[in-house]
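Visitor:
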Amino acid sequence: MEHLELFFKSVFIDNMVFATFLGMCSYLAVSKKVATAVGLGAAVIFVLAVTVPLNWLLDQYILQPGALAKTLGPEYAEYDLSFLSFIMFIATIATMVQLVEIVVEKFSPALYNSLGIFLPLIAVNCAILGGSLFMQAREIPTLGMALNYGVSSGIGWFLAILAIAAIREKIRYSSVPAPLRGLGITFIITGLMGIGFLSFGGMLTGEDEGNKKEKIEQAIKIEDEKKDDVAKKEEESTKNTTALNQ
Amino acid sequence: MAEVAEQEKVVKAPSEPLFSKKNRKLITDPLTDNNPITIQVLGICSALAITAELKASIVMTIAVLFVMGVGNVVISLMRNIIPSKIRIIAQLIVVATLVIIVDLVLKTYAYSLSKTLSVFIGLIITNCIIMGRFEAFALANRPWRSFLDGIGNAAGYGIILIIVGFFRELLGTGTLLGIPVLGDPVDKTGLYAFGYENNGFMLYPPMALVVVGLIIWVQRSRNEALIEQE
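Those protein sequences? They're chains A and B, same order as listed. Mapping of the first sequence onto numbering that gives the first Met the number 0: position 136 corresponds to residue 135, and the numbering continues sequentially without gaps. Mapping of the second sequence onto numbering that gives the first Met the number 0: position 11 corresponds to residue 10, and the numbering continues sequentially without gaps.
#1: If distances are taken between C-alpha atoms only, which option among A:L132, A:P73 and A:Y172 comes closest to T91 (chain A)?
#2: Which residues in chain A have a C-beta closer than 8 Å to the C-beta of I43 (chain B)? List them in chain order.
#3: Any beta carbon from chain B within less than 8 Å of N54 (chain A)'s own beta carbon?
#4: As an exercise, report each continuous alpha helix (DSSP H) stretch of at least 4 residues that is fully enclosed by the segment 102 to 166 of chain A, in chain order.
#5: Check whether the Cβ atoms of F88 (chain A) and L47 (chain A) lie closer than 8 Å to each other.
#6: Please report the straight-line C-alpha distance between A109 (chain A) and I57 (chain B), rounded to a whole angstrom.
#7: Please list the partners that A93 (chain A) has in chain B, where partner means a Cβ-to-Cβ separation under 7 Å.
#8: Does the pairing of the segment 199 to 218 of chain B with the segment 179 to 186 of chain A give three or more beta-carbon distances under 8 Å?
#9: For F196 (chain A), which residues in the same chain have their Cβ closer than 6 Å to its Cβ, ignoring the five residues on either side in sequence?
#10: Which ranges does the beta strand (DSSP E) cover as unbroken runs of at least 3 residues, wholly within the segment 21 to 72 of chain A, from first to last along the chain?
#11: Should the segment 148 to 167 of chain B be called in touch with the segment 198 to 207 of chain B, which here means at least 3 C-beta pairs below 8 Å?
#12: Apart from the five residues on each side of it in sequence, which residues of its chain come closer than 7 Å, Cβ to Cβ, to A145 (chain A)?
#13: Give me, in chain order, the residues of the same chain whose beta-carbon lies closer than 8 Å to that of K69 (chain A); leave out the 5 immediate sequence neighbours on both sides.
#14: Quick one: grab the DSSP three-state call for L64 (chain B).
#15: Listing by chain order, which chain A residues have their CB less than 7 Å from the CB of M206 (chain B)?
#16: DSSP on L175 (chain B), reduced to helix/strand/coil?
#17: Let me confirm a value: R141 (chain B) is counted as buried when at least 16 other C-beta atoms fall within 10 Å, else exposed. Which label applies?
#18: Does DSSP put T307 (chain A) in a helix, a strand or coil?
#19: Do T27 (chain B) and V163 (chain B) come within 8 Å of each other at the CB atom, strictly closer than that value?
#20: Under a three-way DSSP split, which group does G183 (chain A) fall into?
#21: Are any of the Cβ atoms in chain A nearer than 8 Å to that of R167 (chain B)?
#22: Is it buried or exposed, N222 (chain B), if we count other Cβ atoms within 10 angstroms and call 16 or more buried?
#23: Just to make sure I have the definition right: I need the residues of chain E whose C-beta is within less than 9 Å of the C-beta of L116 (chain B). Which are they?
#24: Whole angstroms are fine: how far does the CA of V150 (chain A) sit from the CA of L142 (chain A)?
#25: Alpha carbon to alpha carbon, how far is A137 (chain B) from W143 (chain B)? Give it in angstroms, no decimals.
#26: Would a check of beta-carbon distances place F133 (chain A) closer than 8 Å to chain B?
#27: Does the segment 25 to 41 of chain A come into contact with the segment 166 to 174 of chain A, if we say contact requires no fewer than three beta-carbon pairs (one atom in each stretch) closer than 8 Å?
#28: Does the beta carbon of A42 (chain A) come closer than 8 Å to any beta carbon on chain B?
#29: Taking the C-alpha atoms as reference points, what is the distance between F193 (chain B) and D186 (chain B)?
#30: Could you tell me the alpha carbon to alpha carbon distance between L97 (chain B) and V66 (chain B), rounded to whole angstroms?
#31: Would a check of beta-carbon distances place F186 (chain A) closer than 8 Å to chain B?
#32: Grouping DSSP H, G and I as helix and E and B as strand, with all else coil, what is I49 (chain B)?
#33: Which of the three DSSP states is assigned to K114 (chain B) in this structure?
#34: With a threshold of 16 other CB atoms inside 10 Å of the CB of N79 (chain B), please say whether the residue is buried or exposed.
#35: Which of helix, strand or coil does DSSP assign to N34 (chain B)?
#36: Can you tell me where the alpha helix (DSSP H) with G212 (chain B) in it begins and where it stops?
Structure below.
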């Protein structure tokens with residue numbers, strides 16, 4: 000059940016493109032034709048499905064505070080390597096992309112030909128790194144959930160790029176104001192699609208909806224809450240820094 | 000004496016003075032006609048997600064300025080020793096290191112802001128502006144010119160971020176940098192006395208896209224050369 004919920008949430012509610020703007024660059028650059036969009040979308044699903052679980056393992060067994068105790072023994076329990084996560088994640092992604100490229104080329108030339116040019120592009124696609132960073136930030140509990148999260152956010156991205164490519168193919172036949180042609184109208188359409196996807200926000204029940212509501216309220220009342228928050232957190236951070244200094 | 004000095008200068012430095020016209024163009028071009036966001040379509044991912052508040056936009060701009068300025072210089076210095084096959088990984092390592100510095104500094108001195116920006120500081124690593132400028136410029140140019148190019152492009156990116164952040168915060172919450180500028184919505188002072196309402200919808204992510212679309216519209220109607228051909 001929680002798998003289904005996570006799947007639904009990552010595909011529709013927290014859609015990478017419409018809710019968090021991840022992978023926008025390639026989303027805009029490679030969405031002129033449906034065929035290429037499908038190729039890139041498939042490559043993104045594939046790479047996310049590989050890198051998110053892998054980075055989950057890295058996070059759980061090496062990077063998290065105290066994680067080294069699990070791998071090397073209790074005397075390492077004090078170590079906190081989480082500041083290394085950016086560099087570890089991106090290194091994993093870059094090498095995995097290279098590795099995937101080699102393996103696919105060797106065993107499935109047909110797939111390689113359809114994905115080929117997109118694979119190197121993907122190493123610097125924000126959606127991939129974003130997937131790993133959100134996996135860490137949202138504290139996905141198990142390896143299976145991490146795999147699910149990777150695949151389903153990939154599918155969300157795939158859906159988004161497929162939809163925009165189809166719209167862009169059609170929009171060539173309509174008379175858009177000249178200065179908006181191309182990039183401008185694509186931005187606005189994406190915005191409208193994002194508004195459409197907002198309507199999925201209310202569909203989850205239980206605790207998640209509560210969290211979501213809280214988030215929205217926070218966003219709207221940012222100012223009111225921030226004042227207290229800032230004071231508290233600054234206290235906290237000064238505490239942390241003083242602790243560090245000591 | 001002056002002549003000798005000048006001759007020496009010609010021999011020694013075939014490059015131009017530090018702020019020659021060509022070098023100045025490196026900074027000014029990305030601000031308008033070659034803007035990384037609206038024309039080159041780079042670095043949009045992080046640009047949109049954090050612009051609900053002006054403050055976050057400004058901090059993000061500063062972070063990108065730092066990473067791009069320093070990163071471009073480092074890559075430019077190493078351009079002759081990076082084998083081209085592994086250059087992407089080399090570039091990623093340089094950016095990731097710089098971003099870790101930014102992240103740690105933010106966590107130490109502005110904890111609440113670093114929470115607001117959350118993963119988007121990390122996503123500077125894959126910000127296409129940075130990789131794009133490394134590939135297109137720093138790998139083929141001297142450090143000083145690369146530095147100017149980096150600063151220019153980061154500033155062009157920042158301008159759009161700040162414009163979007165300005166409008167979204169002003170129309171969304173009626174404040175700028177957290178200070179109310181349109182009066183008090185509860186006591187009905189200022190503009191609110193005339194029945195003005197905050198448009199909370201501006202705070203939702205999709206509106207960032209629409210605002211950028213409108214910026215592109217304005218920019219391209221002012222400079223028709225930028226209009227895309229079919």
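By construction, the Cβ of each residue, glycine as well, lies at the ideal position given by its N, Cα and C atoms. It should be emphasised that the depicted structure is a prediction, and the values quoted were computed from it without experimental measurement.
Guide: To lay it out plainly:
#1: Start at 1 with the first residue of the first sequence, and residue 91 (chain A) comes out as number 92. When only C-alpha atoms are compared, the closest one is A:L132.
#2: Here residue 43 (chain B) refers to the residue found at position 44 when the second sequence is read from its first residue. Chain A residues near I43 (chain B): F20, M23, C24 and L27.
#3: For the purposes of this step, residue 54 (chain A) is taken as the residue at position 55 of the first sequence. Cβ-Cβ to chain B under 8 Å: no for N54 (chain A).
#4: 108 to 114, 117 to 121 and 125 to 136
#5: Mapped onto the first sequence, residue 88 (chain A) falls at position 89. Mapped onto the first sequence, residue 47 (chain A) falls at position 48. Not closer than 8 Å, so no.
#6: Residue mapping note: residue 109 (chain A) aligns to position 110 of the first sequence, counting from 1. Residue mapping note: residue 57 (chain B) aligns to position 58 of the second sequence, counting from 1. Each residue's alpha carbon lies about 47 Å from the other.
#7: On the first sequence, residue 93 (chain A) is found 94 positions in, with the first residue counted as 1. Within 7 Å Cβ-Cβ: I87, I88 and L91.
#8: yes
#9: Taking the first residue of the first sequence as position 1, residue 196 (chain A) is located at position 197. Same-chain partners within the cutoff: N14 and F17.
#10: none
#11: yes
#12: Taking the first sequence and counting its residues from 1, one reaches residue 145 (chain A) at position 146. Closer than 7 Å at Cβ, skipping near neighbours: V51, P52, W55, M134 and I139.
#13: Numbered from 1 along the first sequence, position 70 holds the residue referred to as residue 69 (chain A). Q59 and Y60.
#14: Residue 64 (chain B) sits at position 65 when you count from the first residue of the second sequence. Residue state, collapsed to three classes: helix.
#15: Taking the first residue of the second sequence as position 1, residue 206 (chain B) is located at position 207. G190, listed in chain order.
#16: The residue you call residue 175 (chain B) lines up with position 176 of the second sequence. DSSP places L175 (chain B) in strand when its eight states are reduced to three.
#17: Numbered from 1 along the second sequence, position 142 holds the residue referred to as residue 141 (chain B). So R141 (chain B) ends up on the exposed side.
#18: Past the edges of chain A, shown from 0 to 245, lies residue 307 (chain A), and the structure says nothing about it.
#19: In the second sequence, counting from the first residue as 1, residue 163 (chain B) sits at position 164. In the second sequence, counting from the first residue as 1, residue 27 (chain B) sits at position 28. No, Cβ-Cβ distance for V163 (chain B) and T27 (chain B) is not below 8 Å.
#20: Translated into positions along the first sequence, residue 183 (chain A) becomes position 184. Reduced to three states, the DSSP call for G183 (chain A) is helix.
#21: Sequence index remark: in the second sequence, residue 167 (chain B) carries index 168 (1-based). No, because no Cβ of chain A sits closer than 8 Å to the Cβ of R167 (chain B).
#22: Residue numbering aside, residue 222 (chain B) sits at position 223 when the second sequence is read from its first letter. Looking at its Cβ environment, which holds fewer than 16 other Cβ atoms inside 10 Å, N222 (chain B) is exposed.
#23: In summary, chain E is missing from the structure at hand, where the protein chains are A and B.
#24: As a position in the first sequence, residue 142 (chain A) is number 143, starting the count at 1. As a position in the first sequence, residue 150 (chain A) is number 151, starting the count at 1. Straight-line Cα distance between these residues: approximately 12 Å.
#25: Position 144 of the second sequence, counted from the first residue, corresponds to residue 143 (chain B). Position 138 of the second sequence, counted from the first residue, corresponds to residue 137 (chain B). In a straight line, the C-alpha of W143 (chain B) is about 10 Å away from that of A137 (chain B).
#26: As a first step, residue 133 (chain A) must be located in the first sequence, where it is residue number 134. Yes, because at least one Cβ of chain B sits closer than 8 Å to the Cβ of F133 (chain A).
#27: yes
#28: Mapped onto the first sequence, residue 42 (chain A) falls at position 43. So, not an interface residue.
#29: Counted from its first residue, the second sequence places residue 193 (chain B) at position 194. Counted from its first residue, the second sequence places residue 186 (chain B) at position 187. Their Cα atoms are separated by approximately 12 Å.
#30: Within the second sequence, the letter at position 98 stands for residue 97 (chain B). Within the second sequence, the letter at position 67 stands for residue 66 (chain B). Computed Cα separation, rounded: 6 Å.
#31: Taking the first sequence and counting its residues from 1, the one referred to as residue 186 (chain A) is at position 187. True, the Cβ-Cβ gap to chain B drops below 8 Å.
#32: Residue mapping note: residue 49 (chain B) aligns to position 50 of the second sequence, counting from 1. Here I49 (chain B) sits in coil by DSSP.
#33: As a working note, residue 114 (chain B) is residue 115 in the second sequence. Of the three classes helix, strand and coil, the one that applies to K114 (chain B) here is helix, per DSSP.
#34: Start at 1 with the first residue of the second sequence, and residue 79 (chain B) comes out as number 80. Exposed: under 16 other Cβ atoms inside 10 Å.
#35: Position 35 of the second sequence, counted from the first residue, corresponds to residue 34 (chain B). Three-state DSSP puts N34 (chain B) in coil, outside helix and strand.
#36: Position 213 of the second sequence, counted from the first residue, corresponds to residue 212 (chain B). From DSSP, the alpha helix (DSSP H) with G212 (chain B) extends over P204 to R221.
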